[in-house]
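Q:
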Amino acid sequence: MSASAEHSTDHSNALPVSTCITVYVALLALTAITVGAAFLDMSFLNTPVALGIASAKALLVMYFFMELRHSDKLNWVVMGSGFVFLAIMIMLTMSDMVSRGWLGVPGK
Amino acid sequence: MLEQAAPYVAHHFDDAEQQHDASTLGMWLFLAQEVMFFGGLFTTYVVYRTAFPEAFHAASHELDITLGAFNTVVLLTSSLTMALSVHAAQVSRRGMLIVNLILTLVLGSVFLGVKVVEYAAKFEHHLVPGPNFHFHGPDPVNAQLFFSLYFAMTGLHALHMIIGAGLLLVLIARSWQGMFSRYYYTPVEMVGLYWHFVDLIWIFLFPLLYLLGRH
Chain A
1 MSASAEHSTD HSNALPVSTC ITVYVALLAL TAITVGAAFL DMSFLNTPVA LGIASAKALL
61 VMYFFMELRH SDKLNWVVMG SGFVFLAIMI MLTMSDMVSR GWLGVPGK
Chain B
1 MLEQAAPYVA HHFDDAEQQH DASTLGMWLF LAQEVMFFGG LFTTYVVYRT AFPEAFHAAS
61 HELDITLGAF NTVVLLTSSL TMALSVHAAQ VSRRGMLIVN LILTLVLGSV FLGVKVVEYA
121 AKFEHHLVPG PNFHFHGPDP VNAQLFFSLY FAMTGLHALH MIIGAGLLLV LIARSWQGMF
181 SRYYYTPVEM VGLYWHFVDL IWIFLFPLLY LLGRH
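Here the protein sequences come in this chain order: A and B.
Under this note's numbering, the first residue of the first sequence carries the number 1, and numbering increases by one thereafter.
Under this note's numbering, the first residue of the second sequence carries the number 1, and numbering increases by one thereafter.
(1) Just reading off the alpha helix (DSSP H) that A:Pro48 is part of, what are its end residues?
(2) Classify B:Tyr184 as helix, strand or coil using the three-state DSSP reduction.
(3) In the DSSP assignment, find the unbroken alpha helix (DSSP H) run with B:His160 in it and report its ends.
(4) Go ahead and pull the three-state DSSP assignment for B:Leu199.
(5) Where do the ends of the alpha helix (DSSP H) carrying B:Met27 lie?
(6) Tell me which same chain residues have a C-beta within less than 6 Å of the C-beta of B:Arg49, skipping the five on either side of it?
(7) Is the Cβ-Cβ distance between B:Arg93 and B:Gly178 less than 8 Å?
(8) Where are the alpha helix (DSSP H) runs, 4 residues long or more, that stay fully inside the segment 79 to 113 of chain B, in chain order?
(9) Look at B:Ser85 and B:Leu67 and say whether their C-beta atoms are less than 8 Å apart.
(10) Taking the C-alpha atoms as reference points, what is the distance between A:Asp10 and B:Glu34?
(11) Pull up the distance between the alpha-carbon of A:Pro16 and that of B:His87, whole angstroms please.
(12) Where does the unbroken alpha helix (DSSP H) through A:Asn75 begin, and where does it stop?
(13) Indicate the three-state DSSP secondary structure (helix, strand or coil) for B:Ala10 in the structure shown.
(14) Exposed or buried, what is A:Pro48 when buried is set at 16 or more other beta-carbons lying within 10 Å of its beta-carbon?
(15) Let's test the definition: count the other Cβ atoms within 10 Å of the Cβ of A:Asn46 and tell me whether it reaches 16, buried, or not, exposed.
(16) Just to confirm, is the Cβ distance from B:Val106 to B:His160 under 8 Å?
(17) In the structure shown, what three-state DSSP assignment does B:Ala55 receive?
(18) Could you tell me whether any Cβ in chain B is nearer than 8 Å to the Cβ of A:Thr34?
(19) Could you check if A:Asn75 is buried or exposed, using at least 16 other CB atoms within 10 Å of its CB as the buried criterion?
(20) Is B:Asn132 helix, strand or coil by DSSP?
(21) So B:Leu209 packs on A:Tyr24, CB below 8 Å; how close in whole Å?
(22) Taking Cβ positions only, does A:Thr9 come closer than 8 Å to chain B?
(23) Can you give me the C-alpha to C-alpha distance between B:Val9 and B:Asp15, rounded to a whole angstrom?
(24) Rounded to the nearest angstrom, what separates B:Ala5 and B:Arg174 at their Cα positions?
(25) For B:Glu189, name the three-state secondary structure that DSSP assigns.
(26) I want to verify the contact list: residues of chain B whose CB lies under 9 Å from the CB of A:Thr31, in sequence order.
(27) In whole angstroms, what separates the C-alpha of B:Thr24 from that of B:Pro129?
(28) Does the distance from the C-beta atom of B:Leu167 to that of B:Tyr194 stay below 8 Å?
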């Protein structure tokens, strides 16, 4: 049988060392930014900025280090679904918590 | 289909590629579950931080931001060495593979060591929830809630790091025996996915726990 260059055994799909290091430097830079931004008073924006930077770092790790770049889209969907369900859990829980006492009815 | 991968292809798969795809999907499904596993704690954090913002701000200030930032850098570096390990396996460079796996393990251990130092400091400063808890800032009752979440979330994360360390030991042993090459490197890749995920969790834990009350 001749060797076929299918994606899982074709090492040209390997993340180049230079890309690994570039992503790493970007992650370090984002960490420095998030620590610096924590000391600035941006009132209500502090949390969204911190979470935004964390999400950017997460996307870098997932796209490059976790090789979603070369993965089947099914893997994207699976990972995305985890975050979608987490978002549902947080949003529905918080809408319950925040709306307590609005109706003036016991238990609501 | 490559003959070199044949010894590692289980009987219920057609070929190495299908086995690799199945392993990858399986690991992603597990990681999606892990998102929900940690998600319960994250949701709890959101609920109680929204309810008691002042207590959480004041309590967060008690954490050592230098150690937290240092640990973040340590974990990001371990993700780099893990990615380099996977690369090394994919290009059949056994020496580079073993070195980077060992580096990943060492960095993970450094992270756990710093956590031990941090936890010890919490005990010293009476910040461990329980009968000896004593908080000097505002709203001590709800500040204790923050520390319960701190220990639960970082503790669960540390448990995952320890499991990852065990997996790395197995990989190092098998790499030493020459099991991995560009024809078969799936276990290295899968442990890599797990390790990067544990890093992801910390990427979110760090700002939520350490960077709250700094301004």
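Beta carbons: idealized from backbone N, C-alpha and C, even for Gly.
A: So, to answer that:
(1) 46 to 60
(2) strand
(3) 140 to 176
(4) Checking the sequence, you will find Asp at residue 199 of chain B rather than Leu. Helix at B:Asp199.
(5) 16 to 51
(6) Phe56
(7) no
(8) none
(9) no
(10) Residue confidence is low: A:Asp10 scores 47 on pLDDT, short of 50, so the model does not pin down where it sits. Its coordinate-derived value is still stated next. Cα to Cα, A:Asp10 sits roughly 30 Å from B:Glu34.
(11) 7 Å
(12) 73 to 98
(13) coil
(14) exposed
(15) buried
(16) no
(17) helix
(18) yes
(19) buried
(20) coil
(21) With 8 Å as the limit, B:Leu209 and A:Tyr24 do not qualify as a contact, their Cβ atoms being about 23 Å apart.
(22) Any reading at A:Thr9 needs caution, since the residue's pLDDT is 45, under 50, leaving its predicted position unreliable; the model's value is listed next. It does; some Cβ of chain B falls within 8 Å.
(23) 7 Å
(24) 15 Å
(25) helix
(26) Ala69, Thr72, Val73, Leu76, Ile203, Phe206
(27) 40 Å
(28) yes
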